[in-house]
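In my numbering, the protein residues as written are 37 to 468.
Spelled out as structure tokens, the structure:
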């Protein structure tokens, strides 16, 4: 065997007839790289993406990517944790690739003067970014950009897309607990739609989307209800305004479940102002709407207990007792799906109302104490610390009535009917 027989045919052999096959085999082993692939491997990835956008004529998109990276670097200080740094926009290849395609599409639509499609793409980017809590700052930027770009849409398109962007932006703001800014966005969208008489024609972008005005009103109800809850200690007229606005928004939804909650909240506010007849009217409307909904058994129980308390204030004991018996039957029935929390509310409310009448029979006092103990244990199980404390305080007063003597007569009505301050004074005094 000669030395030539030991040489594998290749580029160094004289077998030139095999060169084409050898080149083909080698070419298959080497990946085909474009100029962009080489650039992405040689310079920082975000710079390569910006360069590609710029060269394709998407100048605004290219500078937007660089601006967002600069913005993040300015407001998010570097850390020594690699896991945190990898999530930065400049290092996130998946996010940069997403921007590469989406922003190019948005700018192409702008250059072709398809402004509705441009806003739609920008809104889609913003909604996509809301899924990642670490990219919420980016989502906010794109919501604002989409809102700004609505200016170039056609008159009808401007109203439509402005309302849609404000709706989804408000939805995002609510999750951020920025209820005041969300309320302003929703009110602006509602005014625009009503002025243009487009309430009946537009729907949300979700699958099987509901009418946009209904979706906006639903969010507006939630926002105003939360604002009313947040300003309990503020001036009464401020809270009343939020409650009225929530009620007004709920009526626009035409949803029995939401309308029931709105009437109930309004009724409780009127009850706190001692406008008992007006409160009773709202409670009755809440009860009707909850029955229409058919799936609000717990709300039905809460409304019925509120009606009982109102009848008690109006000195109508027969109707008060009828309401309490109705709740008793509903919470005992195996056919009605209510939680034991409703039963605890029943025990607490019934005991509270009876304590206000100052019962004197020892057997009745013991019965009330047992019911309050059951209510307190249930409230504690469900994490309702405020009601747990209230029930414990009343139980302590009831069980210690004989020892308190003349003091109990003065303390029981105040502790049972009004403020938390009275309850905490009793806690301090009893030492419990």
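Built from N, CA and C at the ideal position, the CB exists for glycine as well.
Simplified DSSP assignment, three categories, for residue 166: Per DSSP, reduced to three states, the secondary structure at residue 166 is coil, with no helix or strand assignment.
Residue 198 classed as buried or exposed, judged by whether at least 16 other C-beta atoms fall within 10 angstroms: For residue 198, the number of other beta carbons within 10 angstroms of its own is at least 16, and it is reported as buried.
Cβ neighbours of residue 292 in the same chain (closer than 6 Å, five flanking residues each side left out): Closer than 6 Å at the Cβ level, and outside the excluded window around residue 292, lie 325, 328 and 329.
Same chain, Cβ closer than 8 Å to residue 56, neighbours up to 5 away in sequence not counted: Hits under 8 Å: none found.
Unbroken stretches of the alpha helix (DSSP H), 4 residues or longer, contained in the segment 263-350: Runs found: 272-289, 292-308, 312-329 and 333-349.
CA nearest to the CA of residue 98, picked from 81, 342, 334 and 352: Nearest of 81, 342, 334 and 352 to residue 98, Cα basis: 81.
8 Å contact criterion, which residue 240 and residue 229 should meet: CB distance rounded: Not confirmed; about 13 Å, so no contact.
Supposed contact pair residue 179 and residue 162 - C-beta distance, whole angstroms, cut 8 Å: The Cβ separation is near 5 Å, so the contact holds.
Buried versus exposed call for residue 148 [16 or more other C-beta atoms within 10 Å across all chains shown]: Classification of residue 148: exposed, given that the 10 Å Cβ count is below 16.
Continuous alpha helix (DSSP H) stretch holding residue 36: start and end: Absent from the structure is residue 36, since the part of the chain shown begins at 37 and ends at 468.
Uninterrupted alpha helix (DSSP H) stretches inside the segment 125-200 (no shorter than 4 residues): The segment 125-200 contains these whole alpha helix (DSSP H) runs: 129-147, 151-165 and 172-185.
Close-in-space but distant-in-sequence residues of the same chain around residue 342 (CB under 6 Å, 5 per side omitted): The beta carbon of residue 342 sits closer than 6 Å to those of 319, all from its chain and outside the five residues before and after it, given in chain order.
First through last residue of the alpha helix (DSSP H) which encompasses residue 228: Membership of residue 228 in the alpha helix (DSSP H) is indicated by the continuous run 215-232.
Residue 411 and residue 435 closer than 7 Å at C-beta: Taking 7 Å as the Cβ cut-off, residue 411 and residue 435 do not qualify as a contacting pair.
Whole-angstrom C-beta distance between residue 307 and residue 315, which should lie under 8 Å: Between residue 307 and residue 315 the Cβ distance is about 4 Å, and since that is below 8 Å, they are a contact.
Which residues DSSP lists as bridging residue 239, in chain order: Residue 239 pairs with 247.
For residue 210 and residue 102, the rounded distance between their alpha carbons: Between residue 102 and residue 210, the alpha-carbon positions lie close to 29 Å from each other.
Beta-carbon proximity check, residue 294 vs residue 257, cutoff 7 Å: Yes.
Span separating the alpha-carbon of residue 285 from that of residue 363: So the two alpha carbons sit approximately 29 Å from each other.
Short CB-CB distance (under 7 Å) between residue 94 and chain B: Although the question refers to chain B, the structure presented lacks it and comprises just one protein chain.
For residue 421, the first and last residue of its enclosing alpha helix (DSSP H): Per DSSP, residue 421 belongs to the alpha helix (DSSP H) from 421-435.
Reduced DSSP secondary structure (H/G/I, E/B, other) of residue 367: Residue 367: helix per DSSP, three-state reduction.
As assigned by DSSP and simplified to three states, the class of residue 79: In the structure shown, the three-state DSSP call for residue 79 is coil.
Integer-rounded CB distance, given that residue 430 should sit under 8 Å from residue 408: Between residue 408 and residue 430 a beta carbon distance of about 5 Å is seen, short of the 8 Å cut, so the two are scored as contacting.
Supposed close pair residue 279, residue 264 - CB separation, criterion 8 Å: Confirmed, about 5 Å.
Integer Cβ distance of residue 140 from residue 89, believed to fall under 8 Å: Yes, residue 140 and residue 89 are in contact; Cβ-Cβ is about 6 Å, under 8 Å.
Cβ neighbour criterion (16 or more within 10 Å) applied to residue 283: Answer is buried; the Cβ neighbour count reaches 16.
Presumed contact (8 Å Cβ cut-off) between residue 201 and residue 182, rounded CB distance: About 5 Å separates the two Cβ atoms, so the contact holds.
Whole-angstrom distance between residue 317 and residue 303, CA atom to CA atom: Whole-angstrom Cα-Cα distance: 8 Å.
Endpoints, the alpha helix (DSSP H) within which residue 57 is located: Run containing residue 57: 55-65, per the alpha helix (DSSP H) assignment.
8 Å contact criterion, which residue 108 and residue 125 should meet: CB distance rounded: With 8 Å as the limit, residue 108 and residue 125 qualify as a contact, their Cβ atoms being about 5 Å apart.
CA-to-CA distance, residue 123 to residue 138, given in whole angstroms: Answer to the nearest angstrom: the Cα atoms are 19 Å apart.
Nearest-angstrom Cβ-Cβ length linking residue 176 and residue 186, presumed shorter than 8 Å: The C-beta distance from residue 176 to residue 186 rounds to 16 Å, too long to fall under 8 Å, and the pair is not in contact.
Nearest-angstrom Cβ-Cβ length linking residue 389 and residue 417, presumed shorter than 8 Å: Contact doesn't hold; Cβ gap of about 23 Å is too wide.
Reference residue 272, options 309, 206, 432 and 172, closest by Cα: Nearest C-alpha to residue 272: 309.
CB contact flag (residue 340, residue 359, <7 Å): Taking 7 Å as the Cβ cut-off, residue 340 and residue 359 qualify as a contacting pair.
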